[in-house]
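To keep things clear, I will list the structure first and then write my remarks on it.
Numbering (the working numbering), first residue to last: 6 to 119.
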């Protein structure tokens, strides 16, 4: 993704701050679409600073690309409520596509897929 595209994407997600601040937060991810998608989701759902790019400062993006991608995924997983972690674990057991109704049947907590 190009830096300008990343800024436009973050603004479309409702993430606030300047063009430069968003570029600075995205640069450690190499503007990788998956990384930025996860970063954006974390920022939008951040409890301390929801929708504020400043929340990205709390993420450690050191190490090589594989380590960074793993870290982003781990951080995203850790930010989920336990009920959502449980349903994600159940979904991960499937090796092929399944119907949404099947996934809803696995939602024993009753709110993770709402």
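Idealized CB from N, CA, C, for every residue including glycine.
Chain-order list of residues whose beta-carbon lies under 7 Å from that of residue i (same chain, five-residue window excluded)
{"i": "residue 96", "result": "108"}
Under 7 Å between C-beta atoms of residue i and residue j
{"i": "residue 8", "j": "residue 28", "result": "yes"}
{"i": "residue 15", "j": "residue 46", "result": "no"}
{"i": "residue 61", "j": "residue 54", "result": "no"}
Beta-carbon contacts of residue i that lie in its chain and below 8 Å, excluding the five residues immediately before and after
{"i": "residue 21", "result": "56, 57, 58"}
Cβ-based burial, residue i [other Cβ within 10 Å; buried from 16]
{"i": "residue 67", "result": "For residue 67, the predicted model reports a pLDDT of 47, less than 50, meaning its position is unreliable and no value from the coordinates is stated."}
{"i": "residue 52", "result": "exposed"}
Closer than 7 Å to chain C by CB, residue i
{"i": "residue 59", "result": "No chain C appears in the structure shown, which is made up of a single protein chain."}
Cβ shell of residue i (< 6 Å), same chain only, five flanking positions each side left out
{"i": "residue 11", "result": "31, 36, 41"}
{"i": "residue 77", "result": "40, 43"}
DSSP bridge partner residues for residue i (one or two, in chain order)
{"i": "residue 21", "result": "57"}
Give a yes or no on contact between the segment 97 to 104 and the segment 73 to 88, applying the rule of three or more CB pairs nearer than 8 Å. no
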